[in-house]
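One point on numbering: in my numbering, the residue at position 149 of the sequence shown is 190, and numbering is uninterrupted. In what follows, a structure is listed as structure tokens, so that the remarks can point back to it.
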Amino acid sequence: MEERLIPIKKTARIIIAGNHQAKIAVVVLHGYGEMSNTFLKNIQIDSKIFWLAPEALNRFYLEGFSGKVGASWMTKELRNTDIKDNLDYLEEVWSEFKLKEKFEKVILLGFSQGGATAIRFAYQFFNKIDGLIVWASDFPNELESVFNDKTSHLKKIFVIGNNDPFFKSERQEKLKKELSNQGFKIISYCGKHSIDHLVLNEIIASF
42 MEERLIPIKK
52 TARIIIAGNH
62 QAKIAVVVLH
72 GYGEMSNTFL
82 KNIQIDSKIF
92 WLAPEALNRF
102 YLEGFSGKVG
112 ASWMTKELRN
122 TDIKDNLDYL
132 EEVWSEFKLK
142 EKFEKVILLG
152 FSQGGATAIR
162 FAYQFFNKID
172 GLIVWASDFP
182 NELESVFNDK
192 TSHLKKIFVI
202 GNNDPFFKSE
212 RQEKLKKELS
222 NQGFKIISYC
232 GKHSIDHLVL
242 NEIIASF
């Protein structure tokens with residue numbers, strides 16, 4: 042057998058909300074199995090800010106062959122190809138919405154699986170954002186030795202709930218140390234594996 046990879050055109054869904062005349066734009070990357078529209082609703086966005094939520098390109102049924110649908114940024118299958126496709130996709134989003142031209146500050150927020158995608162984008166396109174918020178996400182191993190050199194000028198914040206079931210105490214402390222070494226300010230709050238809108242609003246206000 043022979044395997045070939047061919048580039049194709051694909052239509053992406055982007056959810057927009059908030060104030061189009063705002064000074065700050067926040068681009069949010071949802072977690073595994075989520076959808077961009079419900080993700081924005083769940084975090085109870087501040088309507089004074091411009092919000093843009095690109096949806097991951099790979100959709101699937103969350104249970105069986107029907108019912109609720111979720112989306113994923115990548116899997117272990119063709120991992121590097123998906124990573125490149127995600128970066129190309131997000132670069133097009135920045136260009137399509139002229140984010141750096143229209144807004145004084147552009148903040149990238151990645152939650153859970155979307156956090157790793159956000160980190161990779163910040164590394165590749167560090168000049169396209171003014172701040173990075175990573176919420177309850179692992180750090181990509183391949184960037185450990187190079188990430189902070191390129192992004193030291195950015196304001197970077199890592200947020201995690203103290204009762205997050207995916208990050209038990211020992212793993213959480215290790216992750217906090219790792220992110221701190223990458224130049225992130227660490228914020229811990231009383232919560233689980235979800236975004237607390239009050240905490241988020243305070244963080245965005247700090248930019």
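Positions of the beta carbon are idealized from the N, C-alpha and C atoms, including for glycine.
From the DSSP output, in three-state form, read off residue i for me.
i, result
"Phe91", "strand"
"Arg100", "strand"
"Trp135", "helix"
"Leu81", "helix"
"Ile57", "strand"
"Leu70", "strand"
"Ile65", "strand"
From the options, pick the residue whose C-alpha is nearest to that of residue i; which is it?
i, options, result
"Asp126", "Lys139, Leu220, Ala53 and Phe106", "Ala53"
"Leu131", "Arg161, Ile198 and Glu219", "Arg161"
"Leu149", "Ile236, Ile170, Phe207 and Asn204", "Ile170"
"Phe199", "Leu46, Ala97 and Ala159", "Ala159"
"Glu243", "His71, Tyr73, Ile86 and Glu44", "Ile86"
"Gly74", "Lys197, Phe101, Leu93 and Asp237", "Phe101"
"Leu93", "Gly59, Met42, Gly105 and Gly111", "Gly59"
Can you give the Cα-Cα distance for residue i and residue j, rounded to whole angstroms?
i, j, result
"Ser210", "Phe152", "19 angstroms"
"Phe166", "Lys51", "22 angstroms"
"Ile84", "Phe180", "22 angstroms"
"Lys139", "Glu183", "29 angstroms"
"Ile55", "Ala157", "19 angstroms"
**OP:** Output the residue ranges of the beta strand (DSSP E) runs that lie fully inside the region 138-172 and measure 3 residues or longer, sorted by chain position.
**Re:** Counting only runs that start and end inside the region 138-172, the beta strand (DSSP E) elements of at least 3 residues fall at 146-152.
Subject >> Validate contact between the region 140-157 and the region 173-187 using beta carbons, cut 8 angstroms, 3 pairs >> reply: Verdict: yes, contact present.
Original post:
Where in the region 181-247 do unbroken runs of the alpha helix (DSSP H), each at least 4 residues long, occur, reported from the N-terminal end onward?
Top reply: Whole alpha helix (DSSP H) segments, 4+ residues: 188-192, 210-222 and 238-246.
Original post:
Using 8 angstroms as the threshold, is the region 183-190 in touch with the region 219-236, meaning 3 or more CB pairs across them?
Top reply: Below 8 angstroms, enough C-beta pairs join the region 183-190 and the region 219-236 to call them touching: three or more.
Original post:
Would you call the region 115-126 and the region 137-149 touching, i.e. three or more CB-CB distances under 8 angstroms?
Top reply: Taking a contact to require three or more Cβ pairs closer than 8 angstroms, the region 115-126 and the region 137-149 do not qualify as touching.
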